[in-house]
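Protein chains in written order, with our numbering: chain X, 6 to 51; chain R, 547 to 855.
What follows is a short report on a single structure.
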């Protein structure tokens, strides 16, 4: 699954004048994504 | 007349102790409140009856240890130089006065539950009485008939009387939200429970443009994606450290990007060593990085790879 954070800015003619991609999940593999997401996860309360 | 003078002296001493407690900066609000309660209770009970203490001795049995220490220091007792034998003093200390000894006992946390200091007769050499006889005599001397009007150290009657009262509202409870108060208030929680995540408040034109751009990228159609952009479009890819200006650069970038993702999945921003490793695994010739491609003619560097794909 591809995820991303992208900002689109339109001008008066409803055309895209600025396209800014902050995060693109296609740059890294899903295993690397899982490992990074696992760093932010908290252990469940026992 | 002497009785009245003694009571007046005792009250003046208590007032001095209260004034000392009021001016003491080290005391908290609880300590001053306890001092006021103790003075009121002692005066109420000593209004019609003589205190068991000599003149000048302050009854500090219901004061906080801080107030007891202040009163003991400000009004030293005159005649109470011989405390009871079982006076609660810590071992190794000289028993000074009953007030000071009780203050030290309060500070040490040793509260007695009995209503009066226990009398116990120690056997001496010439005492011909038996131990059982001495115990019976001590019990008889320690007996309290009826309900004594004078508060003794350790008497819990004021505390029990206060506990039997109905709890009253504190003025500060109005400032709180009522969680710790016994009275329910009508303050309602205004914290939202529904953030309306399903609603889209974005401009419909922006939503339509974003969906069209997403569809173009998913189809790999760079021309359709560029058609949605203006002539001065700026594409910044923060994650890929790429920035392209204008429709021409954007279309070329999207074309190479879609081509690389469709074939060898070798990103254009990778280093030459990584590109060579990807090419070795896929059996293709390593692709030129984009910075080098910008220096060389674009048609000669991109077209052979596209044809090979």
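Backbone N, C-alpha and C define an ideal beta-carbon position, used for all residues, glycine too.
Test item: CB-CB of residue 784 of chain R and residue 791 of chain R under 9 Å: With respect to the 9 Å criterion, residue 784 of chain R and residue 791 of chain R are not classified as neighbours on the basis of their beta carbons.
Inter-residue Cα distance where the pair is residue 755 of chain R and residue 12 of chain X: 11 Å
Simplified DSSP state of residue 679 of chain R, which is helix, strand or coil: helix
According to DSSP, residues forming a beta bridge with residue 15 of chain X: X/21
Limits of the unbroken alpha helix (DSSP H) element including residue 40 of chain X: 35-45
Neighbourhood of residue 796 of chain R by C-beta distance below 7 Å, restricted to the same chain and skipping five residues each side: 772, 775, 779, 781 and 790
Rounded C-alpha distance that separates residue 702 of chain R from residue 710 of chain R: Residue 702 of chain R and residue 710 of chain R have their alpha carbons spaced roughly 12 Å apart.
Counted within 10 angstroms of its Cβ, other Cβ atoms place residue 743 of chain R as buried (16 or more) or exposed: Residue 743 of chain R comes out exposed.
Per-residue burial, residue 745 of chain R [other beta carbons within 10 Å of its own, 16 or more giving buried]: exposed
Close Cβ partners of residue 763 of chain R (< 7 Å) along its chain, the five nearest in sequence each way excluded: 771
Residue 782 of chain R in three-state terms, based on DSSP: Looking at residue 782 of chain R - three-state DSSP - the assignment turns out to be strand.
Neighbourhood of residue 10 of chain X by C-beta, 8 Å cutoff - its chain only, sequence neighbours within 5 removed: 26, 27 and 28
Run of the beta strand (DSSP E) containing residue 791 of chain R, from where it starts to where it stops: 788-791
N- and C-terminal bounds of the alpha helix (DSSP H) containing residue 858 of chain R: In the structure displayed, chain R extends from 547 to 855; residue 858 of chain R sits before or after that span and is not available.
Interface flag, residue 35 of chain X vs chain R, CB-CB below 9 Å: No, because no Cβ of chain R sits closer than 9 Å to the Cβ of residue 35 of chain X.
Three-state secondary structure (DSSP) of residue 776 of chain R: strand
Whole-angstrom C-beta distance between residue 801 of chain R and residue 765 of chain R, which should lie under 8 Å: Contact flag wrong, Cβ pair sits at about 13 Å.
Distance between beta carbons of residue 30 of chain X and residue 8 of chain X, contact taken as under 8 Å: 4 Å
Straight-line gap, residue 759 of chain R to residue 741 of chain R (C-alpha atoms, nearest Å): 28 Å
Proximal residues, the segment 16-33 of chain X versus chain R, C-beta separation under 8 Å: 16, 18, 19, 20, 21, 22, 23, 24, 25, 26, 27, 28, 29, 31 and 32
Own chain residues within Cβ distance below 6 Å of residue 736 of chain R, not counting five before or after: none
Cut-off 7 Å between Cβ atoms - residues of its own chain near residue 38 of chain X, not counting five sequence neighbours on either side: Closer than 7 Å at Cβ, skipping near neighbours: 30.
Residue-chain proximity (residue 612 of chain R, chain X), Cβ-Cβ < 9 Å: no
Secondary structure of residue 805 of chain R, DSSP reduced to three states: helix
is_contact[residue 804 of chain R, chain X] using C-beta, thresh 9 Å: Chain X contact via Cβ: absent.
Test: residue 759 of chain R CB closer than 9 Å to a CB of chain X: yes
Proximal residues of chain X, C-beta to C-beta of residue 781 of chain R below 7 Å: 24
Within chain X, the residues that residue 744 of chain R reaches when beta carbons sit closer than 8 Å: Correct list: empty, because the minimum Cβ distance to chain X is about 20 Å.
Within chain X, the residues that residue 706 of chain R reaches when beta carbons sit closer than 7 Å: The contacting residues do not exist; residue 706 of chain R stays about 43 Å from chain X at best.
CA nearest to the CA of residue 18 of chain X, picked from R/798, R/751, R/761 and R/747: R/751
C-beta atoms of residue 788 of chain R and residue 799 of chain R nearer than 9 Å: In this structure, residue 788 of chain R sits near residue 799 of chain R, with a CB-CB distance shorter than 9 Å.
Buried versus exposed, by CB contacts within 10 Å (16 or more), residue 15 of chain X: buried
Chain-order list of residues whose beta-carbon lies under 7 Å from that of residue 793 of chain R (same chain, five-residue window excluded): Counting only Cβ-Cβ distances below 7 Å, and skipping sequence neighbours, we find 772, 775, 777 and 779.
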